[in-house]
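If you use our numbering, the sequence shown corresponds to residues 12 to 425, in order. Glycine included, C-beta positions come from ideal geometry on N, C-alpha and C. Everything below concerns the one structure shown next.
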Amino acid sequence: MRRFKWSVVVLAVGFVATSGPVTDSHTPIASRWNYKEHLFPVFRDNCGACHRTDGIAPMSLMTYREAFPWSQSIREEVLGLRMPPWKAEDGFGDFRNGHSLPAHEMDMILEWSSGGYPQGPRTLELPAVAGPDGWELGPPALALQMADPFVLDAGTSETVRYFVLPTDNSDALRIAGVDILPEAGAVVRGAMVYFDAEGTARQLDEADDGPGFATPDASVFPVGPPVAVWSPGQQPIVQEDVARTLPAGADVVLRVHYKKTWITEGQDFRDRTAVGLYAAEGDVAGIESLVAASPAALEGQEVSFTHTLDEDARLLALFPEIDVEATDVRVVATTPDGTEIPMLFLREPNAAWPTRYWFDTAIDVPQGTELTVAALLPPAAEHTPSVSLLGIDSAPPIRLLVDYAPAAAPANDD
12 MRRFKWSVVV LAVGFVATSG PVTDSHTPIA SRWNYKEHLF PVFRDNCGAC
62 HRTDGIAPMS LMTYREAFPW SQSIREEVLG LRMPPWKAED GFGDFRNGHS
112 LPAHEMDMIL EWSSGGYPQG PRTLELPAVA GPDGWELGPP ALALQMADPF
162 VLDAGTSETV RYFVLPTDNS DALRIAGVDI LPEAGAVVRG AMVYFDAEGT
212 ARQLDEADDG PGFATPDASV FPVGPPVAVW SPGQQPIVQE DVARTLPAGA
262 DVVLRVHYKK TWITEGQDFR DRTAVGLYAA EGDVAGIESL VAASPAALEG
312 QEVSFTHTLD EDARLLALFP EIDVEATDVR VVATTPDGTE IPMLFLREPN
362 AAWPTRYWFD TAIDVPQGTE LTVAALLPPA AEHTPSVSLL GIDSAPPIRL
412 LVDYAPAAAP ANDD
């Protein structure tokens, strides 16, 4: 049975497009659930990271007065299954960073929104919901912040900017997790973190007049896949037995996607986003990456391609880049003995929300395992080429980055 999804970010787009405020004050009450006692905890825990005052979403759902005008839009988004940025289907791979809403909470939302959206006890005071005031995982081993503030001026609605954060470390560091702490949370829609030991980003920064630098030519930067991918509302992932190496003296490069909503249009924003790096404990294996890619030219509505592993591996995460319109994209691992392991199923993937899907438990597979990507395209599917964020050739319209650890490999030497 398909489990429905609840996205803390997407409602921002869907609500605005589908409905205006509800003004009928004589709607009969047919819901067992009310906002203050039942819906507020659901919205706070699943939506509060974005749908709050000064959040990235264009409206807050953290008070009844703010939420009830959008009750019918909420219902339409839930029933319409328009729930990006988390597109992975439950039961076809299990992930640590998923956005899943229990069935009973889904039912509560639908009944409340169609049953008169009652407020609940007027005397019940609800706590204010604010953004993070510190690192969610506690103090990081290394905290870095943009040296100069970047100003998203009143006339700019959306832009992407890269910022170089020097580490000046004399020794290499093993990094098991990364977190992001935006200063201007109302306009930071997403962020990525790269390690650069070659000085490429510094050269691009020096050649640009403003803080940081604009989107570079793909052949120049990034020099490798992102170490971390961050979206508002997703929990930061810290690995227990694997890590990436930050070379001595390497730079951390922060890519920030700024985007305003209809609420924040026409305003100036000042941002100095910070990056927190969490160190690995003890000897752990190093994370490596490989790429499976489709042909550059796709024919027909069914596309399938395979990558064969040349070593035993512990599969950790998948990061798809899909530049072609698709209705379904599935990733399956098939071991040499014919065992099929469902890994990822995306329904109508959205390239606007890049996501790294971390497996809840690493998948151990032997040498010779085939990773097969199968996509179903609609007739006359549109291909919209984009610059790859993975440090790879973007000519193939479907690209899949696979993070893994060699199954029998010892910890990397620094």
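- prompt: Out of curiosity, what's the CA-to-CA distance linking A254 and V295?
  reply: As a first step, residue 254 is located in the sequence shown; it is residue number 243 there, counting from the start. As a first step, residue 295 is located in the sequence shown; it is residue number 284 there, counting from the start. Going by the C-alpha atoms only, they are around 7 angstroms apart.
message: Looking at A239: is its Cβ nearer than 8 angstroms to the Cβ of V189?
response: On the sequence shown, position 228 is the one that residue 239 refers to. On the sequence shown, position 178 is the one that residue 189 refers to. Result yes, Cβ atoms of A239 and V189 sit closer than 8 angstroms.
- request: Using 10 angstroms around the beta-carbon of D56, count the other beta-carbons present and answer buried if the total reaches 16, otherwise exposed.
  value: The count along the sequence shown starts at 1 and reaches residue 56 at position 45. Counting Cβ neighbours within 10 Å, D56 comes out exposed, since fewer than 16 surround it.
query: Mapping DSSP to helix, strand and coil, what is P417?
result: In the sequence shown, counting from the first residue as 1, residue 417 sits at position 406. Strand.
message: Mapping the DSSP letters down to three states, classify M117 as helix, strand or coil.
response: As a working note, residue 117 is residue 106 in the sequence shown. Of the three classes helix, strand and coil, the one that applies to M117 here is helix, per DSSP.
- prompt: Any idea what DSSP makes of T211, helix, strand or coil?
  reply: The residue you call residue 211 lines up with position 200 of the sequence shown. Looking at T211 - three-state DSSP - the assignment turns out to be helix.
task: Look up I352 in the DSSP assignment and give the residues it is bridged to.
output: For the purposes of this step, residue 352 is taken as the residue at position 341 of the sequence shown. The partner list for I352 (beta bridge, DSSP) reads A344.
- request: Report yes if the C-beta distance between A386 and V314 is below 8 angstroms; otherwise report no.
  value: Counted from its first residue, the sequence shown places residue 386 at position 375. Counted from its first residue, the sequence shown places residue 314 at position 303. Yes, Cβ-Cβ distance for A386 and V314 is below 8 angstroms.
- prompt: Does any residue of chain B bring its CB to less than 8 angstroms from the CB of V249?
  reply: The structure shown contains no chain B, having only a single protein chain.
- prompt: Counting along the chain, where does the alpha helix (DSSP H) carrying P52 start and finish?
  reply: Against the sequence shown, residue 52 aligns to sequence position 41. DSSP places P52 in the uninterrupted alpha helix (DSSP H) bounded by 51-58.
- prompt: How should A78 be labelled, buried or exposed, when 16 other C-beta atoms within 10 angstroms of its C-beta is the threshold for buried?
  reply: Position 67 of the sequence shown, counted from the start, is the residue given in the question as residue 78. So A78 counts as buried.
- prompt: What first and last residue would you give for the beta strand (DSSP E) that runs through Y269?
  reply: Your numbering for residue 269 matches position 258 in the sequence shown. Note, Y269: beta strand (DSSP E), 262-270.
query: Taking just the CA atoms, how far does I274 sit from Q312?
result: For the purposes of this step, residue 312 is identified with residue 301 of the sequence shown, where counting begins at 1. For the purposes of this step, residue 274 is identified with residue 263 of the sequence shown, where counting begins at 1. Near 40 angstroms, if we compare the C-alpha coordinates of I274 and Q312.
message: Quick check: what's the CA-CA separation for R43 versus W364?
response: Reading the sequence shown from its first residue, position 32 is the one you call residue 43. Reading the sequence shown from its first residue, position 353 is the one you call residue 364. Going from the Cα of R43 to the Cα of W364 covers about 35 angstroms.
- request: State buried or exposed for P237, treating a residue as buried only when at least 16 other CB atoms are found within 10 Å of its CB.
  value: Taking the first residue of the sequence shown as position 1, residue 237 is located at position 226. By the neighbour-count rule (16 or more Cβ atoms within 10 Å), P237 is buried.
query: Straight-line CA distance for T54 to A324?
result: Your numbering for residue 54 matches position 43 in the sequence shown. Your numbering for residue 324 matches position 313 in the sequence shown. Reading off the sequence shown, one finds Phe at residue 54, where the question assumed Thr. F54 and A324: Cα-Cα distance of roughly 39 angstroms.
field: Cα-Cα separation, E292 to D262
entry: For the purposes of this step, residue 292 is identified with residue 281 of the sequence shown, where counting begins at 1. For the purposes of this step, residue 262 is identified with residue 251 of the sequence shown, where counting begins at 1. Their backbone Cα atoms lie some 22 angstroms apart in a straight line.
field: Cα-Cα separation, L355 to P306
entry: On the sequence shown, position 344 is the one that residue 355 refers to. On the sequence shown, position 295 is the one that residue 306 refers to. For L355 and P306, the distance between alpha carbons rounds to 20 angstroms.
field: Opening and closing residue of the alpha helix (DSSP H) in which E6 lies
entry: There is no way to answer for residue 6, as the model of the chain reaches only from 12 to 425.
query: Can you name the residues that DSSP bridges to R172?
result: Numbered from 1 along the sequence shown, position 161 holds the residue referred to as residue 172. V267.
- prompt: If you run the structure through DSSP and keep just helix, strand and coil, what is I67?
  reply: Position 56 of the sequence shown, counting from 1, holds the residue named residue 67. The answer is coil: DSSP assigns I67 none of H, G, I, E or B.
message: Quick check on the burial criterion: 16 or more other C-beta atoms within 10 angstroms. Buried or exposed for N108?
response: By one-based count along the sequence shown, residue 108 stands at place 97. Buried: at least 16 other Cβ atoms inside 10 Å.
message: Helix, strand or coil for R107? Go by DSSP, reduced to three states.
response: Here residue 107 refers to the residue found at position 96 of the sequence shown. Note: R107 maps to coil in three-state DSSP.
message: Assuming V413 and A303 are in contact, meaning their beta carbons sit under 8 angstroms apart, how far apart are those beta carbons, in whole angstroms?
response: Walking along the sequence shown from the start, residue 413 turns up at place 402. Walking along the sequence shown from the start, residue 303 turns up at place 292. Indeed, because the Cβ distance is near 7 angstroms, the residues count as touching under 8 angstroms.
task: Return the bridge partner residues of Y205 from the DSSP annotation.
output: On the sequence shown, residue 205 is found 194 positions in, with the first residue counted as 1. Beta-bridge annotation (DSSP): Y205 is paired with V264.
message: I'd like to know whether the C-beta atoms of Y269 and L163 end up nearer to each other than 8 angstroms.
response: For this step, residue 269 is matched to residue 258 along the sequence shown. For this step, residue 163 is matched to residue 152 along the sequence shown. With contacts defined by Cβ atoms closer than 8 angstroms, Y269 and L163 form a contacting pair.
message: When you compare the CB positions of L176 and L257, do they come within less than 8 angstroms of one another, or not?
response: One-based indexing of the sequence shown puts residue 176 at position 165. One-based indexing of the sequence shown puts residue 257 at position 246. Using a Cβ distance threshold of 8 angstroms, L176 and L257 do not count as a contacting pair.
query: Are there 16 or more other CB atoms within 10 angstroms of the CB of L90, so buried, or fewer, so exposed?
result: Against the sequence shown, residue 90 aligns to sequence position 79. Burial state of L90 is exposed, judged by a 10 Å Cβ sphere holding fewer than 16 other Cβ atoms.
query: Beta-carbon separation of M157 and R283 under 8 angstroms?
result: Within the sequence shown, numbered from 1, the residue matching residue 157 stands at position 146. Within the sequence shown, numbered from 1, the residue matching residue 283 stands at position 272. It is a contact, given that the beta carbons lie within the stated cut-off.
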